[in-house]
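Written below as structure tokens is the structure these notes are about.
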Amino acid sequence: MIDLSTGTSANVAEAVARLADDRAEIIKTLMDGRDPGPLTAVEPTTGDPHQGGRSVLFLRFSEYAEPLVYKPRPLTSATFYARLVGWFNERLPQLELATAPALPKSDYGWAKFVRSAPCRTAEEAERFYYRQGALLALLHATNGTDMHADNLIARGDQPILVDTETLLHPALYHPTLLAADPALVALGQSVHQTILLPTLLHSAHGTSDISGLGGHGDSMTQNRPVLDGVLLEPADHLPELLHGFGDAYGAISRHADSFIELLEGSSDTTFRVVVRPTRTYAELLKATSYETLASTPTFEGSHRLLEHEYLDLRNRDIPIFFGRPGSRSLWTSRGVRVDDVLDVSGLDSARTKVRNMNESERRRQEWIIDAAFATATGPITHQSGSSINTPGPHAPLDPQWAIDQALNIAHQLDELAYRDHDRVNWLSLEPLEDDYWCLLPAGGGLAHGYTGVALFLAQLGAVTGRAEFLERAAETIAPLPKLLNAIADLPEHLASIGGGFAGMGGIVYALTRLSTLLTSPELAAHASAASELTSTDDNDDGWRCGAATQEDWLDRLTTTSILADLSLCHGEFGILDALEILARRQQRAADVLQQRAAALPQALKLGARLVGTPGAVATPGLLHGLAGTGYGMLRVGFPARVPSVLAMELAAHDDPCAASSE
């Protein structure tokens, strides 16, 4: 007797009827020709309900060990994905990437159940992550997204996708306070968009990694490989993943015409378009209130889909939309066509991406991979953690060496920058409420955003006399006035920014300094206007400590090595900045400053890191990133010309090395 006690009766009845029609083809295609015997049960899964309560079902048989998977949506994407994998396997014989067998029908389909299995050897684990890297390149090139933990199964040395509905996904650009941000656009077109890389979800219930690569990390995890009973950590296999990514990326780049021809053969394929995260819809269903949808547009044109979202939600369904590769239209859960809702079709977007795949772009994607792994390292400690032994004595620091290092850092910032017309910005690793690192476009703050980068570039231009750095600083800071005007009209945004160094206080300070360095009355006026937005309760005291504490601190610094992290926040340049302030009135501090500054060249040769991020991932910002280290270089080389940014000084002081003892 068939158990039909669970799942909506209409969904189950439809699946059973379709099974009767397709049984012979299912046996031939998915069951190796073996008759599975009578149907014994139809079981629901954790899949979301769409299109009138339809959801994925498991069908069980008396003579077949594994269930048959029924998907009540078009499954033509599985055929397209199999062609993609075949293309890769031909060009990378060592890859041998596997797929989940499927049987697409008109507007539904059947799939073979894929059960997870452990790796038998360490070599199998390495092959798994090599293949996962290649899979990442495949998904990136085809604009694949939504590849979260539930959509990937680790079966020995094979990462197997069990949901390929979101390949050739159109790029959906979210409205912002400003015009299009090139860094935001780049992030939306990057490997990060696949959701295969570590993707942290922060909520009131804690922080979890929802990605296909990271996943749940508990006993229910099926997307991560297991070896000798131990769940493997993806970060331990980053080299293998990057190897696979590089090989597959190179294959696409070398054979771009062939790959694009393969993409263009997908015209008969139906894909799912993710307009909003499923969790957003699920929360609205729990709250039984849907009005917030109208106030949270997800991309230009999304307002045209609102009535269809409301209709699905009222019927207790998770809204769903479909697209076709070459079309700018979308289809609703009821088959209603909404014309020209997309700016660019998924096929056109992928075609452009593949044409632009080269070595420079590959390095950018590898940076994003490294940065995504850095976000999964856990809470921030604000400690350098290690030091570098630099036996002395050392010759006094050569100011020209400091300039050369600052110029090298400016060059790195230029390579990391994203530009579009007159706008420039960076992708940044920033601390999220001091708990976790977050990968996002740099904001307007001094501590972590593009304002700190502009301040470094302007100071470099002032010290070297090179106008190009002043021009780059002006280009970098250009969006800030418009952002401040928008914030002034939105008090809720102002409250979230806060005051102090990391908030509006830091922005006012930076604008004031930049107005002097760039000789810009306009920036001075914006600084004055921004100061009116700053809370009068802000306390921006610089570095302070009592006399006894100072002596103890100087004693330790005299005998301890240079920190391996040179960053301005909790690295060596934070120490040197405080020493310079103290050295203005104490000769011993000046001596310690000179001693530690002189050891910097050797520390760099021995591997000191320019940034204070996990894995030393190069981030642009001031406190943890390249801009702060570059600024620190200028400060130790030219203390009489470069004021302390940590103490928010507006003018430099006399050379501390000339200070008299007190």
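Residue numbers (this note's numbering): 10 to 671. Backbone N, C-alpha and C fix where the C-beta goes; we use that ideal spot for every residue, glycine too.
Where do the ends of the beta strand (DSSP E) carrying residue i lie?
i	result
Arg6	No answer is possible for residue 6: it lies beyond the span of the chain, which begins at 10 and ends at 671.
Gly215	Gly215 to Asp218
Trp446	Tyr445 to Pro450
Gly335	Counting along the chain, Gly335 falls outside any beta strand (DSSP E), and DSSP gives it neither H nor E.
Please classify residue i as buried or exposed, where buried requires at least 16 other C-beta atoms within 10 Å of its C-beta.
i	result
Val239	exposed
Asp218	buried
Leu659	exposed
Ala24	buried
Pro47	exposed
Asp277	exposed
His457	buried
Ala556	Residue confidence for Ala556 is low, a pLDDT of 48 falling below 50, so the modelled location carries little weight and cannot support an answer.
Ser18	exposed
Gly274	exposed
Ser199	buried
Asp237	exposed
Asn434	buried
Val345	exposed
Ser212	exposed
Thr568	exposed
Arg285	buried
Arg233	buried
Leu499	exposed
From the DSSP secondary-structure annotation, give me the bridge partner or partners of residue i.
i	result
Leu79	Note on residue identity: the sequence assigns Tyr, not Leu, to residue 79. Tyr79 pairs with Leu66 and Trp119.
His264	The partner list for His264 (beta bridge, DSSP) is empty, contrary to what the question assumes.
Cys128	Leu236
Ala111	Ala120
Asp574	Arg618
Ala163	Pro168
Glu242	None, per the DSSP bridge assignment.
Tyr73	Phe70
His697	No answer is possible for residue 697: it lies beyond the span of the chain, which begins at 10 and ends at 671.
Arg432	Asp429
Ser437	Leu449
Arg8	Nothing can be reported for residue 8, as the shown portion of the chain is limited to 10 through 671.
Leu209	Asp218
Glu52	Phe67
Figure out for me which residue from the options has the closest Cα to the Cα of residue i.
i	options	result
Pro168	Gly142, Glu174 and His312	Gly142
Glu292	Ile269, Asp326 and Glu273	Asp326
Glu370	His214, Ala381, Thr38 and Leu196	Leu196
Gly42	Thr49, Arg32 and Ala50	Arg32
Leu678	Ser395, Arg565, Ala497 and Pro450	As shown, the chain starts at 10 and ends at 671. That puts residue 678 outside it, with no answer to give.
Thr525	Pro652, Thr85 and Gly509	Pro652
Ala683	Leu101, Pro83, Phe137 and Glu132	Since the first and last residues shown for the chain are 10 and 671, residue 683 lies out of range.
Ala158	Ala487, Ala189 and Gln231	Gln231
His178	Met156, Leu161 and Asp190	Met156
Ser437	Tyr427, Pro243, Leu449 and Asp444	Leu449
Glu135	Gly454, Leu247, Asp413 and Arg605	Leu247
Leu144	Phe122, Phe97, Gly165 and Pro127	Phe97
Arg92	Lys80, Ala109, Val78 and Thr203	Ala109
Leu577	Met642, Tyr518, Leu479 and Arg428	Met642
Gly637	Leu615, Ala661, Gly580 and Leu104	Gly580
Cys447	Asn20, Asp379 and Phe122	Asp379
Gly512	Gly646, Met657, Gln409 and Pro610	Met657
His420	Val462, Glu174 and Pro488	Val462
Ala244	Val654, Arg650 and Gly624	Gly624
Glu368	His317, Asp348, Ile261 and Cys128	Ile261
Leu68	Ala29, Thr558 and Val78	Val78
Just curious, the alpha helix (DSSP H) that residue i is in, first and last residue?
i	result
Ala381	Glu368 to Ala383
Asn324	Here Asn324 belongs to no alpha helix (DSSP H), and DSSP marks it neither H nor E.
Ala636	Leu635 to Gly646
Thr85	Thr85 to Arg100
Pro490	Leu489 to Ala497
Arg650	Run containing Arg650: none; DSSP gives neither H nor E here.
Contact check, residue i vs residue j under 8 Å by CB: the rounded distance?
i	j	result
Ala383	Thr622	6 Å
Ala385	Gly509	So it is not a contact: roughly 28 Å between Cβ atoms.
Thr341	Thr85	Wrong, their Cβ atoms sit about 18 Å apart, outside the cutoff.
Leu492	Arg481	With a Cβ gap of about 19 Å, Leu492 and Arg481 do not count as contacting.
Leu619	Leu575	6 Å
Ile486	Leu523	6 Å
Pro334	Leu356	4 Å
Phe254	Ala146	5 Å
Arg605	Leu632	Arg605 to Leu632, Cβ: 20 Å. No contact.
Ile397	Gly616	7 Å
Glu75	Arg124	7 Å
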